[in-house]
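For the sequence shown, numbering that gives the first Met the number 0 assigns the number 412 to the last residue and increments by one with no breaks.
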Amino acid sequence: MAESFRTDNTRAAACAMLTKEHKASYNSNSTPQRLVLQQCRPALEKAIADHQATMREKQKARDLRADCMWNTEKHRRGDAVEKAFGIADMGCASGPNCWTNMQFIIDCVKKHRSRQIITAGERRSAAEVYDSPIQYFFCDLPLNDFNDLLSEKEKYMGGREDCFVAAVAGNIHGRLFPPSSVQMVFSSTTLHWLSESPDLLSEPQAMNLMKKKIWVDGSHVYKDVKKVYVERWTEEFEAFLTSREKEMVNGGLMFLLIISCNESSPLQMQESCFQLFEESWIQLVEEGILTHSQLETFNIPWHLPTVAELESTIKRVPNLKIQHLDEVDVNAGDNYWKQWSHNPVELSQRLTNFYKSISWNLVENHVGSIRCESIFSRFNKLLERHLQSQFTWDPYWMYPWSHYAKVEIIKKL
Numbered sequence: 000m001a002e003s004f005r006t007d008n009t010r011a012a013a014c015a016m017l018t019k020e021h022k023a024s025y026n027s028n029s030t031p032q033r034l035v036l037q038q039c040r041p042a043l044e045k046a047i048a049d050h051q052a053t054m055r056e057k058q059k060a061r062d063l064r065a066d067c068m069w070n071t072e073k074h075r076r077g078d079a080v081e082k083a084f085g086i087a088d089m090g091c092a093s094g095p096n097c098w099t100n101m102q103f104i105i106d107c108v109k110k111h112r113s114r115q116i117i118t119a120g121e122r123r124s125a126a127e128v129y130d131s132p133i134q135y136f137f138c139d140l141p142l143n144d145f146n147d148l149l150s151e152k153e154k155y156m157g158g159r160e161d162c163f164v165a166a167v168a169g170n171i172h173g174r175l176f177p178p179s180s181v182q183m184v185f186s187s188t189t190l191h192w193l194s195e196s197p198d199l200l201s202e203p204q205a206m207n208l209m210k211k212k213i214w215v216d217g218s219h220v221y222k223d224v225k226k227v228y229v230e231r232w233t234e235e236f237e238a239f240l241t242s243r244e245k246e247m248v249n250g251g252l253m254f255l256l257i258i259s260c261n262e263s264s265p266l267q268m269q270e271s272c273f274q275l276f277e278e279s280w281i282q283l284v285e286e287g288i289l290t291h292s293q294l295e296t297f298n299i300p301w302h303l304p305t306v307a308e309l310e311s312t313i314k315r316v317p318n319l320k321i322q323h324l325d326e327v328d329v330n331a332g333d334n335y336w337k338q339w340s341h342n343p344v345e346l347s348q349r350l351t352n353f354y355k356s357i358s359w360n361l362v363e364n365h366v367g368s369i370r371c372e373s374i375f376s377r378f379n380k381l382l383e384r385h386l387q388s389q390f391t392w393d394p395y396w397m398y399p400w401s402h403y404a405k406v407e408i409i410k411k412l
């Protein structure tokens, strides 16, 4: 009797990144993600500089109102000084990227605060007006390795007596903070994740197509499946934006870096090393190590949105305004992976560890640790075999996650 197709959804709640005690930890295998932010740092700093200038004007207007309403220095200072400048890193994971991102953002905030000019006619110093302490929140799923993350605090926070860090565990698609309590939201390479893979029960054709697929690539063949994923991603991204809109102060800044779909490349993801990960599952099913049901019910909860999908979803949320929306390509294939191109064994192991770091927990939760190890072991063998027979270097094949959307959003004053 043929196995029936189960409709269990693959939950991203099981997909915290792999912790530090593992060789394939996210801590040790997240350099490609760091390259993304390094390339986008000028845009991030400009966004922060513009935001600080806007907040300074807001402060001046508030001071003027206070001077009109009250006539005591106590009331003027109480109205002028922010209690804390809150920054939330959404989907932070763990490891050095968290801290280097934090350091860069805080340094930019402090740098562009100090550039604000206090005129001689104002009654208080720059420190009194706009030097409130900075509170930085690391936000991610409860299974994230916050203990390891915070154990590095002294290493990265030395000398920052006016900066405070805290961990916030929860689903970033929902509320995490009180109303109007956060001045800035940051997120990098996170918002392509869904809380869980969509239920395909209402789409029989899509369900049938996905029986031997673990993820929806860019092929037009899977347009019915992609439609379901688009709907689910839109719903969750809108929930994320709605939550942040409530949590941010008026004039607050949101800076997002999102892995996106390159619409100029309709066959995106068709030919890359990631297809060998899928092939690993198929081979193990054929050998009886995995069941048909385990393959059929596993779908990675990702959707790489197009710029049009991003723009239309943001515009549906009241009080949010797109300041900038750009696309950027980050060639991690040449800039990172190519250094091992002469050694197929080393390169295949490093690629395997990279995918382990982001998806081990997700796969293990679905098939168990022994079968999970079999999948990644087979993936490593297929990679090594392919790399040994590959005569030309193809950076996209090595690392297809090269296209990003860079989004700057302001909450209207």
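Beta carbons are placed, not taken as given, at the ideal position from N, Cα and C, and that holds for glycine.
Since the structure is predicted, the reported quantities are computational estimates derived from the model, not experimental observations.
Item	Value
If you measure between the beta carbons of Val284 and Gln293, is that distance less than 9 Å?	yes
With a floor of 4 residues, list each alpha helix (DSSP H) that falls wholly inside the segment 317-370, ordered by position along the chain.	331-334, 343-366
Could you tell me the alpha carbon to alpha carbon distance between Gln389 and Phe236, rounded to whole angstroms?	39 Å
Short of 8 Å in beta carbon distance, which residues of its chain neighbour Asp161, apart from the five on each side in sequence? Order them along the chain.	Asp130, Pro132, Ile133
With H, G and I counted as helix, E and B as strand and the rest as coil, what does DSSP make of Asn249?	strand
Taking 8 Å as the threshold, find out whether the segment 362-371 comes into contact with the segment 40-47 through three or more Cβ pairs.	no
Would you say Lys405 and Leu303 are within 9 Å of each other, going by their C-beta atoms?	no
With a 10 Å radius around its C-beta and 16 neighbouring C-beta atoms as the bar for buried, classify Val344 as buried or exposed.	exposed
In terms of alpha-carbon separation, which member of Thr188, Ala15, Gln322 lies closest to Val329?	Thr188
Using only alpha-carbon positions, find the residue among Ser356, Lys59, Lys211, Met397 that is nearest to Gly94.	Ser356
What are the boundary residues of the alpha helix (DSSP H) that Val306 is part of?	306-314
Please state the DSSP three-state secondary structure of Leu256.	strand
So, under 8 Å CB-CB, Met209 and Val224 are touching, yes? Tell me the CB distance rounded to an integer number of Å.	6 Å
Does DSSP put Asp88 in a helix, a strand or coil?	strand
DSSP three-state call for Val80: helix, strand or coil?	Its pLDDT being 42, under 50, Val80 is placed unreliably by the model, and the measurement read from it follows with that caveat. Correct three-state label for Val80: coil.
When we look at the beta-carbon of Glu295 and count the other beta-carbons within 10 Å, is it buried (16 or more) or exposed?	buried
Using three-state DSSP, classify Ser186 as helix, strand or coil.	strand
Exposed or buried, Asn249, counting other C-beta atoms within 10 Å across all chains shown (16 or more means buried)?	exposed
Could you check how far apart the C-beta atoms of Cys138 and Ala87 are, in whole angstroms? I think they sit under 8 Å.	6 Å
In the DSSP assignment, find the unbroken alpha helix (DSSP H) run with Phe276 in it and report its ends.	273-285
Check the DSSP bridge columns for Cys162 and list the partner residues they point to.	Ile133
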